[in-house]
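Worksheet: the structure to be examined is printed underneath.
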Amino acid sequence: GGKAPDQNALGLDFRKQLPPFAITLTPAMTNVVTDRNGRSYNVMIVPDKGCSVNQGLSSTRGGKMATYMYTADGISKERLLSPRVYLGDQWLDTSWDNALAVYGGLVKKILDNDEPNDVVFSCFDHGGAGGGFENTWGTGKLM
91 GGKAPDQNAL GLDFRKQLPP FAITLTPAMT NVVTDRNGRS YNVMIVPDKG
141 CSVNQGLSST RGGKMATYMY TADGISKERL LSPRVYLGDQ WLDTSWDNAL
191 AVYGGLVKKI LDNDEPNDVV FSCFDHGGAG GGFENTWGTG KLM
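This note's numbering runs 90 ahead of the 1-based position in the sequence shown.
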C-alpha cells in the first residue's frame, strides 16, 4: 500500500504526522508470509479499536500475534504443518481428511450413544479474540 488513505489497508494518511495514539504500530505486529505458490504477503495485525477488553490498545500477547504466523525462517519455523494423531505411544503426522474423519467419527459416536452435553472442549480465550484465536483458533472453528 501507499501513504495516502485510499492506498493502504488502514485508511490512514501517512503523508503527514498522525496524532498521538491514532494507531499503535510496532515491528512485532508485522510479518511476511509466503503461500504454497511462493508468493509473499505483508501481514499486519493491529488492535481492534472496538474491543471492549483493551479499548483498542495493544496487549502483550496480541501485540505480537503477527510473529506467530508461520514463516520458514521465523520463530514459528517449527510449527506443525499438518495435523497429528496419537497412535500407540507416538504422535504421527496425518492428513486433514483423516484428522477430520477421526474428529467427526468421535463426535458422531458420542452423539449416537449419549447426549450433546457430553461433547466437551477444553479451550480458552483471553477475551476479545472471538473463538480462542490466540491459543485454540482451530478448535474454536470446530465447536
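Cβ coordinates follow ideal geometry from the N, Cα and C atoms, glycine included.
Only a predicted model underlies this, so the values are computations on that prediction, with no experimental measurement involved.
A residue is called buried when at least 16 other Cβ atoms come within 10 angstroms of its Cβ; residue 194 does not meet this threshold and is exposed. Residue burial annotation: residue 121 is buried, with at least 16 other C-beta atoms found within 10 angstroms of its C-beta. Listed in chain order, the non-local C-beta contacts of residue 99 below 7 Å within the same chain comprise 91, local neighbours out to five positions each way being set aside.
For residue 183, the enclosing beta strand (DSSP E) covers residues 180–183. In the DSSP assignment, residue 177 falls within the beta strand (DSSP E) that extends over 174–177. For residue 131, the enclosing beta strand (DSSP E) has its first and last residue at 130–134. For residue 163 and residue 150, the gap between their C-alpha atoms comes out near 23 Å.
DSSP, reduced to helix, strand and coil, places residue 157 within a helical segment of the structure shown. In terms of CA proximity to residue 171, 185 leads the group 185, 154, 177, 102.
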